[in-house]
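As you go down the protein sequences, you meet chains A and B in turn. The C-terminal residue of the first sequence carries number 223 in numbering that gives the first Met the number 0, and the numbering is unbroken. The C-terminal residue of the second sequence carries number 228 in numbering that gives the first Met the number 0, and the numbering is unbroken.
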Amino acid sequence: MSYTLQFGQVTGYLPYLAGGAWISLQIAFLAFCGGMVIGLFGAMAKTFGNRPLNRVVSGYVTFFMNTPQLVQIYFIYFALPDAGILLTSYEAVLIGMTLNAGAYLTEIQRAGFESVHRNEMEAAETLGMSLMQRVRYVVLPHIARVLFPPLSNQYILMTLGTSMAAIFGVEELTGRAFNVNAETFRSIEVFSLTAGLYIIVTLIATLILGLFGRYMFRAKMRLY
Amino acid sequence: MLARIVAEAPEFFSYYNVVFLLEAMLATFALSAIGCVFGFAAGFFLAVSRRTTSHFLLPLRTLTAAFIEMFRRIPFLVTLMMVFFVFQGLGLDISMFSVALISVCLIATAFIAEIIRAGLESVHRTQWDTAAAMNMSLIQTLRYVIMPQAWKIILPPVFSFFILFIKDTALASQIGVVELTYAGKVLNNKGFSAALVFGAILILYFIISYPLARFGARLEQKLAAARNS
Numbered sequence: 000m001s002y003t004l005q006f007g008q009v010t011g012y013l014p015y016l017a018g019g020a021w022i023s024l025q026i027a028f029l030a031f032c033g034g035m036v037i038g039l040f041g042a043m044a045k046t047f048g049n050r051p052l053n054r055v056v057s058g059y060v061t062f063f064m065n066t067p068q069l070v071q072i073y074f075i076y077f078a079l080p081d082a083g084i085l086l087t088s089y090e091a092v093l094i095g096m097t098l099n100a101g102a103y104l105t106e107i108q109r110a111g112f113e114s115v116h117r118n119e120m121e122a123a124e125t126l127g128m129s130l131m132q133r134v135r136y137v138v139l140p141h142i143a144r145v146l147f148p149p150l151s152n153q154y155i156l157m158t159l160g161t162s163m164a165a166i167f168g169v170e171e172l173t174g175r176a177f178n179v180n181a182e183t184f185r186s187i188e189v190f191s192l193t194a195g196l197y198i199i200v201t202l203i204a205t206l207i208l209g210l211f212g213r214y215m216f217r218a219k220m221r222l223y
Numbered sequence: 000m001l002a003r004i005v006a007e008a009p010e011f012f013s014y015y016n017v018v019f020l021l022e023a024m025l026a027t028f029a030l031s032a033i034g035c036v037f038g039f040a041a042g043f044f045l046a047v048s049r050r051t052t053s054h055f056l057l058p059l060r061t062l063t064a065a066f067i068e069m070f071r072r073i074p075f076l077v078t079l080m081m082v083f084f085v086f087q088g089l090g091l092d093i094s095m096f097s098v099a100l101i102s103v104c105l106i107a108t109a110f111i112a113e114i115i116r117a118g119l120e121s122v123h124r125t126q127w128d129t130a131a132a133m134n135m136s137l138i139q140t141l142r143y144v145i146m147p148q149a150w151k152i153i154l155p156p157v158f159s160f161f162i163l164f165i166k167d168t169a170l171a172s173q174i175g176v177v178e179l180t181y182a183g184k185v186l187n188n189k190g191f192s193a194a195l196v197f198g199a200i201l202i203l204y205f206i207i208s209y210p211l212a213r214f215g216a217r218l219e220q221k222l223a224a225a226r227n228s
């Protein structure tokens with residue numbers, strides 16, 4: 000029943016773990032950007048698209064929202080080689096996370112698209128704006144303020160979600176924690192340090208996103 | 000890829016594999032259902048304790064806020080590993096399922112507490128003040144004034160969190176809990192092609208999650224209608 004905490008052995012690995020946190024943030028950022036592009040086109044297709052296109056996008060969103068990200072990445076990493084597509088673990092995780100994020104971000108952005116009033120879209124159409132112009136000059140400025148809080152929330156959740164990259168051997172924060180654990184066997188210390196780093200990283204991310212949202216879009220956001 | 004799936008399918012869907020998969024499905028469902036029921040009870044307690052005003056309870060409020068903020072910012076995988084190694088360090092011999100259940104309860108408590116807090120705050124301040132002016136205790140205020148209005152706002156997000164959580168419990172396979180993802184890994188290691196096994200696992204998750212998601216959407220619509228009328 001006795002366990003003596005010895006942080007001395009693992010504090011030396013702190014810079015190594017912090018480097019992992021940086022990689023975690025990178026993966027989350029890349030996947031989020033990819034997901035935003037998919038999400039924007041998905042939301043456009045769902046709002047303005049014709050029926051077949053709508054069906055396809057809905058199917059994609061429903062499927063990816065109702066299955067776990069982990070199994071999706073398993074499928075991409077282990078099953079696609081059968082079809083001749085060989086991916087490194089980093090690529091597989093990135094593609095899996097991007098596709099998964101794309102589904103969630105489509106749904107978030109679609110809600111924003113629907114909040115734009117019909118009259119404004121019709122007015123823009125009367126002015127002879129193309130679809131891309133309407134989205135760029137009418138829809139996006141409108142919804143940026145409303146959508147910034149849920150989108151930044153999604154980004155924080157995705158930062159936490161990157162921890163599953165460790166399962167495929169990507170050396171991000173959790174992956175490096177597994178490595179340090181294997182070297183030192185101070186498991187509780189290593190993982191509490193990792194948890195602390197995750198808390199710090201997400202707190203900083205929340206603060207930066209909150210300040211950005213408040214001053215750029217006048218969004219109502221909590222800073223902590 | 001397709002030819003291999005067709006060739007292996009009859010062997011894959013043998014009686015024992017199907018039973019194994021169904022049991023694993025049940026474990027996945029139980030893990031998140033028990034976690035969410037516990038999380039709702041504990042989260043309610045935490046959310047209410049943050050609304051107390053007594054000076055003696057200040058440490059309780061601080062601890063609650065710290066607990067909620069902490070567990071909402073630690074990935075599930077790391078929580079799982081922490082709980083796993085803490086129990087190992089204490090020398091307690093408990094099953095992997097219990098380890099996963101404890102971590103699920105911790106995380107669900109933190110997330111649901113935040114949902115319930117938002118729900119309680121959605122009731123206008125004046126109602127709290129009126130109840131206080133009528134000399135109602137905190138319990139009475141909640142029972143007769145706040146909850147009748149707040150539960151419609153609390154229920155839909157709690158339900159969608161539950162559905163989200165069914166998919167997050169896939170990570171419990173990493174410490175060896177026999178649930179759906181772990182069943183997939185076992186069958187894959189037995190030699191079935193990954194496309195067949197993980198395709199089947201994806202479909203099984205979809206079968207659990209999709210009807211619940213549809214039900215959740217309907218629930219949300221009904222409650223929204225009830226609120227506006």
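From the three backbone atoms N, C-alpha and C, an ideal C-beta is built for every residue, glycine too. As the structure is a prediction and not an experimental result, all values here were calculated from the model.
Three-state secondary structure assigned by DSSP to residue i
i      : result
P67/A  : coil
D92/B  : coil
P74/B  : coil
F86/B  : helix
F55/B  : coil
E219/B : helix
I37/A  : helix
E178/B : coil
Q5/A   : coil
I94/A  : helix
S227/A : Nothing can be reported for residue 227/A: it is not among the residues displayed for chain A, which extend from 0 to 223.
F19/B  : helix
N49/A  : coil
E119/A : helix
L145/A : The displayed chain sequence assigns Val, not Leu, to residue 145/A. Here V145/A sits in helix by DSSP.
K189/B : coil
Y197/A : helix
S136/B : coil
Cα-Cα separation between residue i and residue j, rounded to whole angstroms
i      : j      : result
F43/B  : M69/B  : 17 Å
V137/A : I187/A : 52 Å
F86/B  : D92/B  : 8 Å
V251/A : I94/A  : Outside the shown range of chain A, which is 0 to 223, sits residue 251/A, and nothing can be said about it.
L72/B  : F6/A   : Leu is not the amino acid found at residue 72/B; the sequence shown has Arg there. Those two C-alpha atoms are separated by around 22 Å.
A112/B : G33/A  : 32 Å
T139/A : Y209/B : Note on identity: in this sequence residue 139/A is Leu, with Thr being the wrong assignment. Going from the Cα of L139/A to the Cα of Y209/B covers about 31 Å.
I142/A : P9/B   : 51 Å
Y143/B : R50/B  : 16 Å
T61/A  : Y73/A  : 19 Å
H55/B  : L62/B  : The question names His, but residue 55/B is Phe in the sequence shown. Those two C-alpha atoms are separated by around 13 Å.
G229/A : F77/A  : There is simply no residue 229/A to check, as chain A begins at 0 and stops at 223 in what is shown.
A42/A  : W127/B : 40 Å
A130/B : C104/B : 33 Å
M163/A : S136/B : 46 Å
I114/B : A225/B : 20 Å
A194/A : M120/A : 47 Å
E167/A : V77/B  : Looking at the sequence shown, residue 167/A is not Glu but Phe. Those two C-alpha atoms are separated by around 15 Å.
M133/B : T140/B : 10 Å
S166/B : G127/A : Contrary to the premise, residue 166/B reads as Lys rather than Ser in this sequence. Going by the C-alpha atoms only, they are around 45 Å apart.
I33/B  : H116/A : 43 Å
M220/A : P148/A : 6 Å
F191/B : E7/B   : 7 Å
V9/A   : L196/A : 13 Å
F112/A : I84/A  : 36 Å
I4/B   : A194/B : 7 Å
Y59/A  : G90/B  : 46 Å
8 Å Cβ cutoff, residue i in contact with chain C
i     : result
N65/A : The structure shown has no chain C; the protein chains it does contain are A and B.
The segment 112 to 123 of chain B / the segment 210 to 220 of chain A touching (three or more Cβ pairs under 8 Å): Not touching, per the Cβ criterion.
Three or more C-beta pairs below 8 Å linking the segment 15 to 22 of chain B and the segment 173 to 186 of chain B: In the pairwise beta carbon analysis, the segment 15 to 22 of chain B is classified as touching the segment 173 to 186 of chain B: at least three pairs are separated by under 8 Å.
Members of the segment 210 to 227 of chain B that neighbour chain A once the beta carbon cut-off is set at 7 Å: Within the segment 210 to 227 of chain B, the residues whose Cβ lies closer than 7 Å to some Cβ of chain A are A212, listed in chain order.
At least three beta-carbon pairs within less than 8 Å, the segment 99 to 112 of chain A to the segment 175 to 182 of chain A: no
Cβ contact (3+ pairs, closer than 8 Å) linking the segment 37 to 51 of chain A and the segment 156 to 167 of chain B: no
Members of the segment 185 to 200 of chain B that neighbour chain A once the beta carbon cut-off is set at 9 Å: N187, S192, A193, A194, L195, V196, F197, G198 and I200
Contact the segment 169 to 176 of chain B vs the segment 63 to 70 of chain A: 3+ CB pairs below 8 Å: yes
Chain-ordered residues of the segment 158 to 176 of chain A with a beta carbon less than 9 Å from chain B: T158, L159, G160, T161, S162, M163, A165, I166, L172, T173 and A176
Residues of the segment 79 to 95 of chain A whose Cβ lies closer than 7 Å to any Cβ of chain B, in chain order: Legend: CB atoms of the segment 79 to 95 of chain A lying less than 7 Å from CB atoms of chain B belong to residues D81 and A82.
Any 3 or more C-beta pairs closer than 8 Å across the segment 11 to 28 of chain A and the segment 167 to 175 of chain A: yes
Contact between the segment 23 to 31 of chain B and the segment 194 to 214 of chain B (3+ Cβ pairs under 8 Å): yes
Contact list for the segment 71 to 89 of chain B against chain A, Cβ threshold 7 Å: R72, I73, P74, L76, V77, M80, M81, F84, V85, G88 and L89
Residues, ordered as in the chain, of the segment 182 to 193 of chain A that lie near chain B by beta-carbon distance below 8 Å: Answer set for the segment 182 to 193 of chain A: S186, I187, F190, S191 and T193.
Within 9 Å of chain A by C-beta, residues of the segment 164 to 181 of chain B in sequence order: I165, K166, D167, T168, A169, L170, S172, Q173, L179 and T180
Residues from the segment 0 to 14 of chain B in contact with chain A, defined by Cβ distance under 7 Å: M0 and R3
Chain A contacts made by the segment 25 to 37 of chain B, where a contact means CB separation under 7 Å: none
Interface positions of the segment 198 to 220 of chain A facing chain B (Cβ-Cβ less than 8 Å), listed along the chain: I198, T201 and L202
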